[in-house]
Amino acid sequence: MANRFFRWVGIVCLIFLFATAALAQSSVQPDEIELPESLKNSGKEVSAPISEDGASQSLPEGLRQEITYSDQGTPREVRHSFLHVEGNPVPDTFSYLEYKDSAWVFKSRTVPWGDDGYWTVKKRNTTEGQKIITDGIKQRGWYRGKVRLRGTPENWVYVEWKDGRGFVAPHRMEAFAGELDLPFLPRRKQAECRTT
């Protein structure tokens, strides 16, 4: 009788180990691989931004949010949010941005499920300074600073990153991030283990 019990426990343990190993091999770690273009382009365009808490508001003209899913319909479902400003993709380099009357924060996941990418937040107040924007700055398409120069085109995006802030024309966002060598923010980062 005892042998049957231990044999049954052994079989259950083996099944559990094989199932766990198979699940671990099939897990996709978004921080280790870039999402393929086919996944990015197969997303759902939304006319009202979807925030983490499900609240929505209207998007300003020229802004498009695209949401794609991984493991949709499972407990490991992930929503990936991508932004496009006037047709230009927003790179995953800015921790916060404002476009017209909307504000967005970049969110990284620390668990295999949830939301990542750009999600709506309450807009911060940016101030306009006394200094006037120059033609050279307009041609370059961006400038660093937290104060908006007078005459800055209305469609320029206010962005923040780890070590700075600035204003940038929508068509110059990727070049701006490249010129400043801004690192990409991970869509999934490892949870930190703290020891005391």
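Numbering-wise, the sequence shown is residues -24 to -1, 1 to 172 according to mature numbering (1 follows the signal peptide of the UniProt record, and there is no 0). Glycine included, C-beta positions come from ideal geometry on N, C-alpha and C. Model, not experiment: these values are computed from the prediction.
Whole-angstrom C-beta distance between residue j and residue i, which should lie under 8 Å
{"i": "A145", "j": "W132", "result": "6 Å"}
{"i": "W118", "j": "R148", "result": "5 Å"}
{"i": "Y75", "j": "V61", "result": "6 Å"}
Cα-Cα separation between residue i and residue j, rounded to whole angstroms
{"i": "K122", "j": "Q106", "result": "13 Å"}
{"i": "V87", "j": "V66", "result": "24 Å"}
{"i": "P129", "j": "G63", "result": "17 Å"}
{"i": "I113", "j": "R52", "result": "45 Å"}
{"i": "S23", "j": "F58", "result": "For S23, the predicted model reports a pLDDT of 46, less than 50, meaning its position is unreliable; a value from the coordinates is still stated below. Rounded to the nearest angstrom, the two C-alpha atoms are 13 Å apart."}
{"i": "E42", "j": "Y94", "result": "10 Å"}
{"i": "T110", "j": "E37", "result": "26 Å"}
Alpha helix (DSSP H) segment containing residue i, residue limits
{"i": "I113", "result": "D111 to R116"}
{"i": "G63", "result": "Taken as a continuous stretch (DSSP letters only), G63 belongs to no alpha helix (DSSP H), as it is neither H nor E."}
{"i": "G154", "result": "M149 to E155"}
Residue-level contact to chain D via CB, residue i, 9 Å cutoff
{"i": "W95", "result": "The chain labelled as chain D is not found in the depicted structure, where only one protein chain is given."}
Bridge partner(s) assigned by DSSP for residue i
{"i": "G93", "result": "S57 and K83"}
{"i": "L39", "result": "V61"}
{"i": "W137", "result": "G140"}
Cβ neighbours of residue i in the same chain (closer than 8 Å, five flanking residues each side left out)
{"i": "A(-4)", "result": "Reliability fails at A(-4), whose pLDDT of 45 lies under 50, so the model's placement of it is uncertain and the value that follows must be treated cautiously. Within the same chain, A(-4) has no close Cβ partners at all."}
{"i": "V97", "result": "S27, Y72, A79, W80 and V81"}
{"i": "T69", "result": "W137, A153, L158, P159, F160 and L161"}
First and last residue of the uninterrupted beta strand (DSSP E) at residue i
{"i": "F143", "result": "G140 to V144"}
{"i": "T103", "result": "T103 to I108"}
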